[in-house]
Amino acid sequence: MIRIILLGLVAGALFAPTPVEAADRYVQKLEASREAFLRLFELEDRSIPERLIVDARCIAVLPKVVKGAFVWGGRRGHGVMSCRNDEGSWSPPAFVKITGGSFGLQAGAQVTDLVLFFMSEKGARSMMRSKFILGGDVTVAAGPVGRSAEAGTDLLFNAEVYAYARSRGIFAGISIEGAQLSVYQRWIEGYYGSRIWPEEILFEHQVPTLPAEAKTFMSVLPDPPRPGSIAGEVPVN
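Residues 781 to 1017 in my numbering are what the sequence shown lists, from first letter to last.
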């Protein structure tokens, strides 16, 4: 038993990422999240309702979420989240992860970019608890798309979270009820280099330092609509 434990420790040391590799991993995730968010607005005829962008308090972007199934299904991925204050300024990004499962007669695998719009700070704060379940702790709905969405689906935007997914090159609203979303504390501390809580990042906008790639991600998050903008168009930096 002692030999097995020692072998495990040695293997862990050998295959653990170096500090440089770990730093590259964080940078790559932020860049992938930035690109995934920008792709949400590439197709004009499937634009996101302006009202949703204006009212959203937090946005989570999880690129390349893997969903696989063979009778038992599962979902796993991680990305970043940012929240804005009453002045409209976005917080530094905090790392988050999503896991979930389902059961049924299904087979195959899929990689999806996932974007979540939190319509209230309460919903985002609920995520700080362990075992936060989308559709359980907060209401979640498939995000409406297209110019007709402004005059159609859920005019009052009653859901607390709206979800969009990109698969096969097209973004669409998606139902992700039952998935578990949580902060990725280990990555947060690894990236910022010190022990810091996600509440400090997301709601107080406090971090020890703000790396360049974090600023780059924040720069693509949408500004409030400009006077005279057309309904359905989404202003992005």
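Think of the CB as a built atom: it goes at the ideal place given N, C-alpha and C, for glycine as much as any other residue.
Tell me whether Val1000 sits in a helix, a strand or coil according to DSSP, three-state version.
By one-based count along the sequence shown, residue 1000 stands at place 220. Three-state DSSP puts Val1000 in coil, outside helix and strand.
What is the residue span of the alpha helix (DSSP H) that Val987 lies within?
Walking along the sequence shown from the start, residue 987 turns up at place 207. Per DSSP, Val987 belongs to no alpha helix (DSSP H) and is neither H nor E.
Taking the alpha carbon of Glu903 as the reference point, which residue from Gly868, Ala803, Cys863, Leu894 has its own alpha carbon closest?
On the sequence shown, residue 903 is found 123 positions in, with the first residue counted as 1. According to the sequence as given, residue 903 is Gly; it is not Glu. Of the candidates Gly868, Ala803, Cys863, Leu894, the one whose C-alpha sits nearest the C-alpha of Gly903 is Cys863.
So, Val876 versus Leu810, is the Cβ gap smaller than 8 Å?
Within the sequence shown, the letter at position 96 stands for residue 876. Within the sequence shown, the letter at position 30 stands for residue 810. Contact: no.
Which whole-angstrom value is the C-beta distance of Leu1001 and Ala943, which I expect to be below 8 Å?
By one-based count along the sequence shown, residue 1001 stands at place 221. By one-based count along the sequence shown, residue 943 stands at place 163. Not a contact, Cβ separation roughly 17 Å.
Using a threshold of 8 Å, state whether the C-beta atoms of Thr989 and Tyr972 are closer than that.
For the purposes of this step, residue 989 is identified with residue 209 of the sequence shown, where counting begins at 1. For the purposes of this step, residue 972 is identified with residue 192 of the sequence shown, where counting begins at 1. Yes. Within cutoff.
Quick check: Pro920 and Val846, are their CB atoms within less than 8 Å of each other?
Taking the sequence shown and counting its residues from 1, one reaches residue 920 at position 140. Taking the sequence shown and counting its residues from 1, one reaches residue 846 at position 66. Before going on, a small fix: residue 920 reads as Val here, not Pro. No, the pair does not count as a contact, with Cβ atoms beyond the cut-off.
When DSSP labels each residue in this structure, what does Trp967 get in the three-state scheme?
Taking the first residue of the sequence shown as position 1, residue 967 is located at position 187. Three-state DSSP puts Trp967 in a helix.
Residue span of the beta strand (DSSP E) that contains Ser947, given as start and end
Numbered from 1 along the sequence shown, position 167 holds the residue referred to as residue 947. Per DSSP, Ser947 belongs to the beta strand (DSSP E) from 941 to 947.
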